[in-house]
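Novice: First the structure, which I've put down as structure tokens, then a few questions once you've had a look.
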Amino acid sequence: MIQIENLHKKFGRNQVLFNLDLDIHSGGIFAVLGPNGSGKTTLIKCILGMVIPSSGEIEVQDNTIKKNWKYRQDINYLPQIANFPGNLKVKELIRMIKDLRQKESKEEVLVKLFGLEPFLDKKLGTLSGGTKQKVNIVLTFMFDSSLIILDEPTTGLDPASLIKLKELILQEKNKGKTILITTHIMQFVEEMADEIVYLLEGNIFFKGSVEQLMTRTKQTDFEHAIAAITIQTADA
Amino acid sequence: MRSRWSYVYFLFYLALGFVLLFLNNDLSKAVITLMNVIIVLVPLISTIFGVMYFYNSKEFTELLLAQPLKRNSIFLGQYLGVAGSLTMSLVLGLGIPFILYGLFRSDAIWDFSLLLITGGFLTLIFTALAFNISLSNENKIKGFGYAVLLWLFLAVIYDGLFLMSLILFEEYPLDSFSLAATMFNPIDLSRTLILLKLDISALLGYTGAVFKQFFGTDKGLIVSILTLILWTVLPIWLLSYKAKRKDF
Numbered sequence: 003m004i005q006i007e008n009l010h011k012k013f014g015r016n017q018v019l020f021n022l023d024l025d026i027h028s029g030g031i032f033a034v035l036g037p038n039g040s041g042k043t044t045l046i047k048c049i050l051g052m053v054i055p056s057s058g059e060i061e062v063q064d065n066t067i068k069k070n071w072k073y074r075q076d077i078n079y080l081p082q083i084a085n086f087p088g089n090l091k092v093k094e095l096i097r098m099i100k101d102l103r104q105k106e107s108k109e110e111v112l113v114k115l116f117g118l119e120p121f122l123d124k125k126l127g128t129l130s131g132g133t134k135q136k137v138n139i140v141l142t143f144m145f146d147s148s149l150i151i152l153d154e155p156t157t158g159l160d161p162a163s164l165i166k167l168k169e170l171i172l173q174e175k176n177k178g179k180t181i182l183i184t185t186h187i188m189q190f191v192e193e194m195a196d197e198i199v200y201l202l203e204g205n206i207f208f209k210g211s212v213e214q215l216m217t218r219t220k221q222t223d224f225e226h227a228i229a230a231i232t233i234q235t236a237d238a
Numbered sequence: 003m004r005s006r007w008s009y010v011y012f013l014f015y016l017a018l019g020f021v022l023l024f025l026n027n028d029l030s031k032a033v034i035t036l037m038n039v040i041i042v043l044v045p046l047i048s049t050i051f052g053v054m055y056f057y058n059s060k061e062f063t064e065l066l067l068a069q070p071l072k073r074n075s076i077f078l079g080q081y082l083g084v085a086g087s088l089t090m091s092l093v094l095g096l097g098i099p100f101i102l103y104g105l106f107r108s109d110a111i112w113d114f115s116l117l118l119i120t121g122g123f124l125t126l127i128f129t130a131l132a133f134n135i136s137l138s139n140e141n142k143i144k145g146f147g148y149a150v151l152l153w154l155f156l157a158v159i160y161d162g163l164f165l166m167s168l169i170l171f172e173e174y175p176l177d178s179f180s181l182a183a184t185m186f187n188p189i190d191l192s193r194t195l196i197l198l199k200l201d202i203s204a205l206l207g208y209t210g211a212v213f214k215q216f217f218g219t220d221k222g223l224i225v226s227i228l229t230l231i232l233w234t235v236l237p238i239w240l241l242s243y244k245a246k247r248k249d250f
């Protein structure tokens with residue numbers, strides 16, 4: 003699905019990603035974890051072509067992403083901060099994105115699922131943070147794409163919506179989609195993720211399943227295991 | 003662009019056109035007054051609009067970047083949206099009162115169209131410059147500052163420097179120097195072009211005569227229009243070059 007080789011990214015003098023290799027096969031939920039500033043979002047943006055790598059190769063579905071934009075047709079992306087143009091109505095935004103994609107979409111189901119009907123005629127600028135995030139989720143999940151990238155999908159969601167989101171993600175997984183998630187909510191990862199990619203200082207520090215992580219760190223609790231992995235490095 | 007401001011801009015020109023015609027009662031005189039307004043105001047408004055729009059639509063741009071779209075088409079689309087609506091406001095806002103006044107029956111029609119064409123060019127040029135500035139500056143305040151400085155430099159300071167250099171080097175032949183210096187500033191170029199077309203180059207004194215010789219001919223007109231086109235194309239090209247390499 004995604005192959006990354008020797009990926010480097012510098013922002014000025016700040017080296018964010020250093021010699022990163024990653025291979026993500028098709029199908030399943032991959033959690034990209036790491037402390038703040040470890041390069042999670044940069045990695046995702048590199049895959050999306052929003053950040054241009056300093057060097058290295060990225061291939062998505064066997065297409066190199068350099069100077070290519072059509073491959074994004076098959077990616078759904080949920081950005082970390084749901085900032086939308088404030089003078090557009092929710093309805094208009096959905097229609098616009100649909101126009102851009104020219105793909106079949108199932109926004110009605112999702113709007114109903116998250117109870118967004120009363121907001122369809124409201125301007126995006128007047129919505130609360132959580133509602134914006136729901137709109138964001140609708141925009142992300144309304145198309146049928148084989149790769150779904152979620153950058154902190156849980157921010158601002160109430161518990162009921164969180165459960166719906168989880169169901170939605172599992173549904174997509176069962177359809178054989180590849181899902182990439184970054185989050186800081188460990189419970190969410192433990193419940194959902196098939197595989198963990200742990201980033202530290204711009205490189206992959208650990209890649210494997212939740213159980214592998216537990217045995218490696220000799221912890222019984224997932225949250226402690228993640229904390230332990232960070233402490234191990236501090237000692238080393 | 004769903005912006006109230008472009009309507010305000012349109013109404014402003016509409017009102018300006020009517021007031022000038024009412025006060026002057028003469029088409030060609032109104033054209034001269036308009037020139038002074040256009041030369042200074044159009045670049046200012048285009049610069050500020052360009053910067054404002056770019057920063058305001060930043061989130062939207064990021065949303066679009068994740069969609070299957072070419073970067074070039076995103077940025078050029080935004081640019082054409084802003085520059086296009088500004089040009090439309092200018093042309094319609096000034097065009098309507100002048101047409102109502104009987105522009106088509108007067109001799110001032112060519113002067114007037116030249117005025118609108120240079121106004122259009124100035125809009126395109128300064129919006130492109132503004133987009134370039136805001137693309138290279140993450141910081142809104144900085145971007146705004148640079149954009150206003152650029153306008154101030156080209157609209158006011160450049161003229162001062164130009165005049166000072168003319169006085170300093172009085173004893174030398176300055177024809178080609180002043181011609182070149184004019185070409186390097188789109189505002190000066192537009193002003194000279196319109197002044198000469200209006201046939202009031204006598205106001206410009208000695209250099210005016212040289213300019214007249216140069217700009218007054220067909221060749222001069224073509225060269226100056228080409229320079230304006232170059233001034234438009236270069237920033238747009240730079241914009242697309244930068245946009246392709248930028249991280250979001």
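Sequence order for the protein chains is B and V. Number 238 marks the last residue of the first sequence (the numbering used here); no jumps. Number 250 marks the last residue of the second sequence (the numbering used here); no jumps. Heads up, the beta-carbon is just placed ideally off N, CA and C, and yes, glycines get one too.
Where DSSP assigns a beta bridge to Asn78/B, which residues make up the other side?
Specialist: DSSP output for Asn78/B lists Ile150/B as bridge partner(s).
Novice: Grab the span of the beta strand (DSSP E) containing Thr180/B for me, first residue to last.
Specialist: Its beta strand (DSSP E) spans residues 180 to 184.
Novice: Which chain B residues sit within Cβ distance under 8 angstroms of Gln69/V?
Specialist: In chain order: Arg74, Ile99, Leu102, Arg103.
Novice: Whose CA, out of Asn139/V, Ser30/V, Ile127/V, Met37/V, lies closest to the CA of Arg107/V?
Specialist: Arg107/V has its Cα closest to that of Ser30/V, out of Asn139/V, Ser30/V, Ile127/V, Met37/V.
Novice: Gln69/V and Arg103/B - do their beta-carbons sit closer together than 9 angstroms?
Specialist: Cβ atoms of Arg103/B and Gln69/V: closer than 9 angstroms.
Novice: Checking 9 angstroms against the spacing of the C-beta atoms, do Thr234/V and Phe213/V come in under that value?
Specialist: For Thr234/V and Phe213/V, no; Cβs fall outside 9 angstroms.
Novice: Look up Leu202/B in the DSSP assignment and say whether it is helix, strand or coil.
Specialist: The answer is strand: DSSP assigns Leu202/B an E or B state.
Novice: Identify every run of the alpha helix (DSSP H) within the stretch 88 to 172 of chain B, keeping only runs that are complete inside it and at least 4 residues long; order them along the chain.
Specialist: DSSP runs (the alpha helix (DSSP H)) wholly in the stretch 88 to 172 of chain B: 92 to 103, 109 to 115, 131 to 143.
Novice: Would you kindly report the start and end of the unbroken beta strand (DSSP E) that includes Asp25/B?
Specialist: It spans 16 to 26 - the beta strand (DSSP E) in which Asp25/B sits, taken as one unbroken run.
Novice: Need the endpoints of the beta strand (DSSP E) that Phe20/V sits in, please.
Specialist: Premise fails: Phe20/V lies in the alpha helix (DSSP H), 6 to 26, not in any beta strand (DSSP E).
Novice: List the residues of chain V whose Cβ lies closer than 8 angstroms to the Cβ of Met3/B, in chain order.
Specialist: Result: empty, since nearest Cβ-Cβ is about 17 angstroms, beyond 8 angstroms.
Novice: What does the alpha-carbon distance come out to for the pair Thr222/B and Met216/B?
Specialist: Spanning the two alpha carbons is a distance of roughly 6 angstroms.
Novice: At what residues does the beta strand (DSSP E) containing Phe250/V begin and finish?
Specialist: Neither: Phe250/V is in no beta strand (DSSP E) and is coded neither H nor E.
Novice: Pick helix, strand or coil for Glu61/B, following the three-state DSSP scheme.
Specialist: In this structure, Glu61/B counts as strand in the three-state DSSP scheme.
Novice: Can you tell me whether Gly131/B is buried or exposed? The criterion is at least 16 other CB atoms within 10 Å of its CB, across all chains shown.
Specialist: The residue is exposed, with fewer than 16 neighbouring Cβ atoms inside 10 Å.
Novice: Using a C-beta to C-beta distance shorter than 8 angstroms, which residues of chain B count as neighbours of Glu64/V?
Specialist: Near Glu64/V (Cβ distances below 8 angstroms), the residues of chain B are Met52, Pro81, Asn85.
Novice: How big is the Cα-Cα spacing for Gly158/B and Ile31/B?
Specialist: For Gly158/B and Ile31/B, the distance between alpha carbons rounds to 22 angstroms.
Novice: Classify Phe171/V as helix, strand or coil using the three-state DSSP reduction.
Specialist: It is coil, neither helix nor strand.
Novice: Could you say which of Gly127/B, Glu94/B, Asn205/B, His226/B lies nearest to Glu213/B if we only look at CA atoms?
Specialist: Cα-wise, what sits closest to Glu213/B is His226/B.
Novice: Helix, strand or coil for Gln5/B, going by three-state DSSP, please let me know.
Specialist: Reduced to three states, the DSSP call for Gln5/B is strand.
Novice: Among the residues of its own chain, which have a CB less than 6 angstroms from the CB of Leu66/V, if the five just before and after it don't count?
Specialist: Contacts found: Ile76.
Novice: Please list the terminal residues of the continuous beta strand (DSSP E) segment that includes Val34/B.
Specialist: That run of the beta strand (DSSP E) goes 30 to 35.
Novice: Among the candidates Phe164/V, Tyr9/V, Asn38/V, whose CA atom is the shortest distance from the CA of Ser192/V?
Specialist: Among Phe164/V, Tyr9/V, Asn38/V, the Cα nearest to that of Ser192/V belongs to Asn38/V.
Novice: If you measure from the CB of Lys100/B, is any heavy atom of the ligand PLP nearer than 8 angstroms?
Specialist: With respect to small molecules bound, the structure shown includes none, and the ligand PLP cannot be examined in it.
Novice: State yes or no: is the C-beta of Lys68/B within less than 9 angstroms of the C-beta of Glu59/B?
Specialist: Cβ distance < 9 angstroms, so Lys68/B and Glu59/B count as in contact.
Novice: Would you kindly report the start and end of the unbroken alpha helix (DSSP H) that includes Phe179/V?
Specialist: 177 to 185 is the extent of the alpha helix (DSSP H) around Phe179/V.
Novice: Going by other Cβ atoms of all chains shown within 10 Å of its Cβ, with 16 needed for buried, is Asn8/B buried or exposed?
Specialist: Answer is exposed; the Cβ neighbour count stays below 16.
Novice: Could you check whether the Cβ of Glu225/B sits closer than 9 angstroms to any Cβ belonging to chain V?
Specialist: Cβ-Cβ to chain V under 9 angstroms: no for Glu225/B.
Novice: Could you say which of Gly210/B, Gly41/B, Ile4/B, Val199/B lies nearest to Lys12/B if we only look at CA atoms?
Specialist: Taking only the C-alpha atoms, the option nearest Lys12/B is Gly41/B.
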